[in-house]
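Novice: Here the sequence shown stands for residues -22 to -1, 1 to 365, where the numbers follow mature numbering (1 follows the signal peptide of the UniProt record, and there is no 0).
This structure is in structure tokens; I'll ask about it shortly.
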Amino acid sequence: MGSRVMALLLLLCVSSAWPAQAADEAGENGAKTTLTSGKRYINLGQKWGSRSPLMHTKANLTELTSIKSSFELRTLDPEGVVFYGDTQGGADWFVLGLRGGVPEMQIGKGNTLISVAGGPKLNDGTWHQVELRSEGIYVILQVDGIDVLVVGLHSKCDNCNLEGQIRLSLGGILVKELELLNPLQTEMDGCVREGNWLNLSTPWETDEELQPCFTEIQKGSYFPGTGLVLFNSSDFTTQQTEESELEVKIEGHSSAWKGTVLSLKTPQGDSILNMTAQEQTKELTVIFGTQTSTLKLGPQSLALNLSQNEIKVEFGPQQLVMLDEVTQSWPTMWNEGLILAFGGVPDESDPIYLKGCLSLIQINGQDVDLDRALYKHNTISSHGCPA
Ligand SMILES: *[C@@H]1O[C@H](CO)[C@@H](O)[C@H](O)[C@H]1NC(C)=O
Ligand SMILES: *[C@@H]1O[C@H](CO)[C@@H](O)[C@H](O)[C@H]1NC(C)=O
Ligand SMILES: *[C@@H]1O[C@H](CO)[C@@H](O)[C@H](O)[C@H]1NC(C)=O
Ligand SMILES: *[C@@H]1O[C@H](CO)[C@@H](O)[C@H](O)[C@H]1NC(C)=O
Ligand SMILES: *[C@@H]1O[C@H](CO)[C@@H](O)[C@H](O)[C@H]1NC(C)=O
């Protein structure tokens, strides 16, 4: 077997590394680098808005004793990068991610890019055993003991050397400019444990303070009370007809909510509306202009409806109708771009960030993926709440 092929196989088996370049960046930020074990519980969902990985390691290719990596993965997130590996300083690379919950491998080798996907959906919130290994010219992905993807890749050996380093990374990729064949939303709200990465004993480096994984998870977005998520409402454009209503629907165990659930501002930053859950009184305070109303928190879903000239808030049998002199219809303003925040009021001097689980957030019947926000605080878990 040519050494390049061998290098690729090694690469494929590797789980995660960090490029010199990324390390430099971290240095510039002045972030503190700590060393950690690749076997521990690793919460991948704590680096939003950056393709850089959560942690990385590297090894000399000559030191590798195994071409197999294995770990357990638990997630409710349909899309994201789990791990990355490369050799030749990023010239040859490998990415394992999920798309639509299904495992996907992408490989870049010389001028060749490969993307393969298949196997069961893994985003069901339970632990799955994942193994990647190299056998001859094949790279094999095994899930829960069954081989689900087999990729054969043979390249003529024109630059045979098994020297240099292999880099591995978790929860992101090391080469910023790297173009995947099939672009992936990098952020992965998931947890990895029991990792064995090419049987390496080298510690992993991270610039983050690693957050723990929830013991058990359930569907939803978890706000720990430390930040918010921002969207441009125009990301959810709506059909415009006379009677069309735009609906933002939120579900959850609302009597346990504490803090601002939702707020809406104009692009200029003027407050339109905010809703804040009061834990003590089990009430939801809705502030719209000079109007303040309260609704009783309960098990029902909360809906905010925008139509031509009114905004309605519905909470089970309770309903609030708010009218204002507006020059344009609310749906028009929405389509042009309002600042929609979940979990707080942006640019507020004394914010009351939400603590609680929103088990469902939908706009016009479509699930809202917090990973695709304009901004998301790193402590917010997009796809899982503690159960
Ligand atoms: C890897 O190789 C380089 C250069 O050959 C050497 O300096 C370094 O110590 C090696 N690393 C380890 C962990 O052995
Ligand atoms: C993994 O590494 C350990 C020591 O670090 C070694 O004893 C063992 O043989 C290695 N396993 C493989 C499959 O290389
Ligand atoms: C809000 O809009 C949705 C979708 O158009 C509709 O099904 C629902 O009945 C509306 N709710 C209220 C309170 O008007
Ligand atoms: C909600 O909006 C009102 C009116 O703009 C503002 O005074 C208040 O501070 C906001 N509430 C929170 C919790 O930020
Ligand atoms: C929101 O979207 C609108 C329309 O696409 C755009 O003009 C505006 O600049 C966006 N605002 C922000 C803050 O990104």
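C-beta atoms are modelled at their ideal positions from N, C-alpha and C, and glycine is treated no differently.
Note that this is a predicted model, so its numbers are computed, not measured.
(1) At 3 residues or longer, and completely inside the stretch 101 to 157: list those beta strand (DSSP E) runs for me, N to C.
(2) Does DSSP put S(-8) in a helix, in a strand, or in coil?
(3) Just checking N177 against ligand 2 - is the residue's beta carbon closer than 7 Å to any of the ligand's heavy atoms?
(4) Please write down, chain order preserved, every residue whose beta carbon lies under 5 Å from a heavy atom of ligand 3.
(5) At which residues does the beta strand (DSSP E) containing N160 begin and terminate?
(6) Mind reading off the beta-carbon distance from P56 to G88? Whole number of angstroms is fine, and I expect it under 8 Å.
(7) Can you tell me whether S241 is buried or exposed? The criterion is at least 16 other CB atoms within 10 Å of its CB, across all chains shown.
(8) Evaluate E327 with the Cβ neighbour count: other Cβ atoms within 10 Å of its Cβ, from every protein chain shown; 16 or more gives buried, anything less gives exposed.
(9) D102 to T53, Cα distance in whole Å?
(10) Give me the Cα-Cα distance between W71 and G86, rounded to the nearest whole angstrom.
(11) State buried or exposed for H132, treating a residue as buried only when at least 16 other CB atoms are found within 10 Å of its CB.
(12) Is the stretch 34 to 45 in contact with the stretch 139 to 148, if contact means three or more CB pairs nearer than 8 Å?
(13) Counting only the same chain and skipping the five closest in sequence on each side, list residues whose C-beta sits under 7 Å from that of V128.
(14) Measuring straight from C-alpha to C-alpha, what distance separates G276 and M253?
(15) Taking 6 Å as the limit between beta carbons, can you name the residues of its chain near N21, skipping five residues before and five after?
(16) Cutting at 6 Å between CB atoms, please list the residues of its own chain near W235, excluding the five before and the five after it.
(17) Would residue 381 and T244 qualify as a contact pair, given that the criterion is a beta-carbon distance under 8 Å?
(18) Which of the three DSSP states, helix, strand or coil, is assigned to L176?
(19) Among the candidates V108, L338, D349, N313, whose CA atom is the shortest distance from the CA of S211?
(20) Ligand 2 and residue 440: does any heavy atom of the ligand fall closer than 7 Å to the residue's C-beta?
(21) With 16 other CB atoms within 10 Å as the buried threshold, where does residue 387 fall?
(22) Under 7 Å from any heavy atom of ligand 2, does the C-beta of S47 make it?
(23) Can you tell me the Cα-Cα spacing of D213 and L178, whole angstroms?
(24) For the beta strand (DSSP E) that contains G334, what are its first and last residues?
(25) Considering only DSSP beta bridges, list what T90 is partnered with.
(26) Using CA coordinates, which residue listed in W105, T90, T11 is at the minimum distance from L159?
(27) For the stretch 216 to 268, which segments carrying the beta strand (DSSP E) assignment without a break, of at least 3 residues, lie completely within its bounds, in sequence order?
(28) At the level of alpha carbons, what is the spacing between T215 and G322?
(29) Could you check whether L224 and P324 sit closer than 8 Å to each other, using their CB atoms as the reference points?
Specialist: Let's see:
(1) 106 to 113, 116 to 121, 124 to 130, 143 to 148
(2) Your numbering for residue -8 matches position 15 in the sequence shown. Residue placement at S(-8) cannot be trusted, given a pLDDT of 30 that sits under 50; the coordinates are not used to answer.
(3) Within the sequence shown, numbered from 1, the residue matching residue 177 stands at position 199. Because some heavy atom of ligand 2 lies under 7 Å away, the Cβ of N177 counts as near it: yes.
(4) E223, E225, N283, K290, E292
(5) Numbered from its first residue, the sequence shown carries residue 160 at position 182. Where N160 is concerned, there is no enclosing beta strand (DSSP E), given that its DSSP letter is neither H nor E.
(6) As a working note, residue 56 is residue 78 in the sequence shown. As a working note, residue 88 is residue 110 in the sequence shown. About 31 Å separates the two Cβ atoms, so there is no contact after all.
(7) Counted from its first residue, the sequence shown places residue 241 at position 263. Buried, since its Cβ has 16 or more Cβ neighbours within 10 Å.
(8) Counting from one through the sequence shown, the residue named residue 327 turns up at place 349. Sequence check: residue 327 is Ser here, not Glu. That one is exposed.
(9) Numbered from 1 along the sequence shown, position 124 holds the residue referred to as residue 102. Numbered from 1 along the sequence shown, position 75 holds the residue referred to as residue 53. Rounded to the nearest whole angstrom, the CA to CA distance from D102 to T53 is 7 Å.
(10) Here the question's residue 71 lines up with position 93 in the sequence shown. Here the question's residue 86 lines up with position 108 in the sequence shown. If I take the Cα positions, the gap works out to 5 Å.
(11) As a position in the sequence shown, residue 132 is number 154, starting the count at 1. The residue is exposed, with fewer than 16 neighbouring Cβ atoms inside 10 Å.
(12) yes
(13) As a first step, residue 128 must be located in the sequence shown, where it is residue number 150. Excluding sequence neighbours, V128 sits near Y116, I118.
(14) Within the sequence shown, residue 276 is the residue found at index 298, counting from 1. Within the sequence shown, residue 253 is the residue found at index 275, counting from 1. Straight-line Cα distance between these residues: approximately 14 Å.
(15) Along the sequence shown, one-based indexing puts residue 21 at 43. Here the set comprises C169, Q189, C191.
(16) One-based indexing of the sequence shown puts residue 235 at position 257. Non-local C-beta neighbours of W235 in its own chain, meaning closer than 6 Å and more than five positions away in sequence, comprise A255, G334, ordered along the chain.
(17) Absent from the structure is residue 381, since the part of the chain shown begins at -22 and ends at 365.
(18) As a position in the sequence shown, residue 176 is number 198, starting the count at 1. DSSP places L176 in coil when its eight states are reduced to three.
(19) The sequence position of residue 211 within the sequence shown is 233, counting from 1. Out of V108, L338, D349, N313, N313 has the C-alpha closest to the C-alpha of S211.
(20) One cannot answer for residue 440 here, as it falls past the ends of the chain, which runs -22 to 365.
(21) Nothing about residue 387 can be read from this structure; the chain reaches only from -22 to 365.
(22) Residue 47 sits at position 69 when you count from the first residue of the sequence shown. The closest heavy atom of ligand 2 lies 7 Å or more from the beta carbon of S47.
(23) Within the sequence shown, numbered from 1, the residue matching residue 213 stands at position 235. Within the sequence shown, numbered from 1, the residue matching residue 178 stands at position 200. Their backbone Cα atoms lie some 44 Å apart in a straight line.
(24) Along the sequence shown, read from residue 1 onward, the residue named residue 334 stands at position 356. It spans 333 to 336 - the beta strand (DSSP E) in which G334 sits, taken as one unbroken run.
(25) Along the sequence shown, read from residue 1 onward, the residue named residue 90 stands at position 112. Partner(s): K87.
(26) Sequence index remark: in the sequence shown, residue 159 carries index 181 (1-based). With distances taken between Cα atoms, L159 lies closest to T90.
(27) 224 to 229, 237 to 243, 249 to 256, 261 to 266
(28) For the purposes of this step, residue 215 is taken as the residue at position 237 of the sequence shown. For the purposes of this step, residue 322 is taken as the residue at position 344 of the sequence shown. Cα to Cα, the separation comes out at about 22 Å.
(29) Here residue 324 is taken as the residue at index 346 of the sequence shown, counted from 1. Here residue 224 is taken as the residue at index 246 of the sequence shown, counted from 1. The answer is no: Cβ separation not under 8 Å.
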